[in-house]
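S.K.: The structure that follows is given in the form of structure tokens.
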Amino acid sequence: MTKVAHHKLCHLFRNAHYVAKLGRPYSDMGFFILVAAKAYDVGKTYLTDKACQQFVSAIAEDCRLKQDVTSFNHARFISLIQDGSTDCSSQEAEIVYTCSLCISRKIE
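Quick note: the sequence shown, position 106, residue 106 per the UniProt record's numbering, numbers continuous.
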């Protein structure tokens, strides 16, 4: 991959992350890319809401893989909390919180 292509993809992923973090609709990604990367021609293919969804899915999958699974394998206690909500536009959001307790040394 060339440096120019790598730089373009970095901008696309950063903007998709920004859209997701703000909770904005995926269709706003085109606006953020045009504002943030005026010097780069990213083409029209990656300015769609479907492309933004794919970028956000890739970012989410990477975050899931980075979580330390071994801490859950050795945990003595695991707590799971699930919460759901609906906003004014009738969109549902679900979130799952996890917490684990690992004791790595013997307590006397």
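Virtual Cβ for every residue (Gly too), placed ideally from N, Cα, C.
#1: Relative to the C-alpha of residue 47, which candidate in 57, 29, 54, 64 has its C-alpha closest?
#2: Cβ of residue 60 within 8 Å of Cβ of residue 101?
#3: According to DSSP, is residue 107 part of a helix, a strand, or is it coil?
#4: Considering residue 57, what are the terminal residues of the alpha helix (DSSP H) in which it resides?
#5: Hey, quick one: how far does the alpha helix (DSSP H) through residue 18 stretch, first residue to last?
#6: Determine, using beta carbons only, whether residue 92 and residue 86 come nearer to each other than 8 Å.
#7: Give the single residue among 58, 82, 49, 43 whose Cα lies nearest to the Cα of residue 8.
#8: Alpha carbons only, please: which of 66, 26, 21, 72 is nearest the one belonging to residue 51?
#9: Looking at residue 55 and residue 12, is the spacing between their C-beta atoms short of 8 Å?
M.R.: Considering the structure as presented:
#1: Taking only the C-alpha atoms, the option nearest residue 47 is 29.
#2: no
#3: Confidence in residue 107 is poor, its pLDDT being 47 and thus under 50, which makes the residue's placement unreliable; the coordinate value appears in the next sentence. It is coil, neither helix nor strand.
#4: 49-66
#5: 3-22
#6: With respect to residue 86, residue 92 sits close: the two C-beta atoms are nearer than 8 Å.
#7: The option with the nearest alpha carbon to residue 8 is 43.
#8: For the set 66, 26, 21, 72, the Cα lying nearest the Cα of residue 51 is the one of 26.
#9: Yes, the Cβ-Cβ distance between residue 12 and residue 55 is below 8 Å.
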